[in-house]
Amino acid sequence: MVSKSFTPEESFEGERARIIPRPFRIILNEKGEGKVKLPGFRIKEGHFKNVLLLYTFPSYEFKFSKRSLRIIGDEDFAELIVEPGENCFKGYIQALEFRKAKRAKVEIIGANDERVERCILETKRIMEFSHTSLTEPLLIITHPMLLEPRKLLETMGIKKAVDGHGSFKLRFCIELGIKRELKDEADFKVDVKYRKIRNFKAIQIK
1 MVSKSFTPEE SFEGERARII PRPFRIILNE KGEGKVKLPG FRIKEGHFKN
51 VLLLYTFPSY EFKFSKRSLR IIGDEDFAEL IVEPGENCFK GYIQALEFRK
101 AKRAKVEIIG ANDERVERCI LETKRIMEFS HTSLTEPLLI ITHPMLLEPR
151 KLLETMGIKK AVDGHGSFKL RFCIELGIKR ELKDEADFKV DVKYRKIRNF
201 KAIQIK
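Residue numbering for the sequence shown is 1 to 206, as defined by our numbering.
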């Protein structure tokens, strides 16, 4: 079941609308289950009445509750250092000492009530990586009757999303066997960081 709501903030008349930095959030699993919160405009009159112009403004500032995630087992040790970067965060896997563990994973998880997680890295070696949320500015053209989470994923060309602004959890874990792992977690928050965006890619949900 899909529940939709639209919260008006202000009304204006004109031929142009200014897109300003606003937070968005897309948390969806492969079945289209989850939550979507997008800023945008709703046309109230004329030939395009009720058409929605929604957008994603990919501008991010990352803040972590802690920078070091460590896993200590009987015979295994792993450490991940995270550092906020320019519109992204960087990760440094500085130590991997495996005897029983098979691999290390880094996952991003939505809020407790969203129950969607996304693996952003699997590795068996020491390495560096960087991660950002959605990078392409999108202008989504649709109608309230056509707006569905699964269609949004298909139109964006992705299978799952844990992206946008707000509160998340970063999970660092090592796999020891089937359904057995050790983990450490850090909460992090993503705020809107102002920057100029000139071009938006227009996509249509039909």
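Just so you know, even glycine gets a beta-carbon here, dropped at the ideal spot from N, CA and C.
* Asked: Whose C-beta lies closer than 7 Å to the C-beta of residue 143 among residues of the same chain, with five residues either side of it excluded?
  -> Excluding the 5 residues flanking it on each side, residue 143 has same chain C-beta neighbours closer than 7 Å at 50, 51 and 52, in chain order.
* Other residues of its chain near residue 43: CB distance less than 7 Å, five sequence neighbours each side excluded -> Excluding residues within five positions, the ones whose Cβ falls inside 7 Å are 49, 50 and 51.
* Leaving aside the five residues before and after residue 88 along the sequence, list all residues of the same chain whose C-beta is less than 8 Å from its C-beta, in chain order. => Excluding five sequence positions before and after residue 88, the CB atoms of its chain that fall closer than 8 Å to its own CB belong to 60, 62, 130, 131 and 132, given in chain order.
* Asked: For residue 151, which three-state DSSP category applies?
  -> Here residue 151 sits in helix by DSSP.
* To do: For the beta strand (DSSP E) holding residue 84, just list the boundary residues, first then last.
  => For residue 84, the enclosing beta strand (DSSP E) stretches over residues 77 to 85.
* To do: Leaving aside the five residues before and after residue 139 along the sequence, list all residues of the same chain whose C-beta is less than 6 Å from its C-beta, in chain order.
  => Excluding residues within five positions, the ones whose Cβ falls inside 6 Å are 55, 200 and 202.
* Per-residue DSSP class, three states only, for residue 156 -> Collapsing the DSSP output to three states places residue 156 in a helix.
* Since residue 204 sits in a beta bridge, which residues does DSSP pair it with? -> Answer is 141, bridged to residue 204.
* Which of helix, strand or coil does DSSP assign to residue 193? -> Looking at residue 193 - three-state DSSP - the assignment turns out to be coil, as it is neither helix nor strand.
* Residue ranges of each alpha helix (DSSP H) run of no fewer than 4 residues wholly in the segment 102 to 128, ordered along the chain? -> If only uninterrupted alpha helix (DSSP H) runs of at least 4 residues are considered, none is enclosed by the segment 102 to 128.
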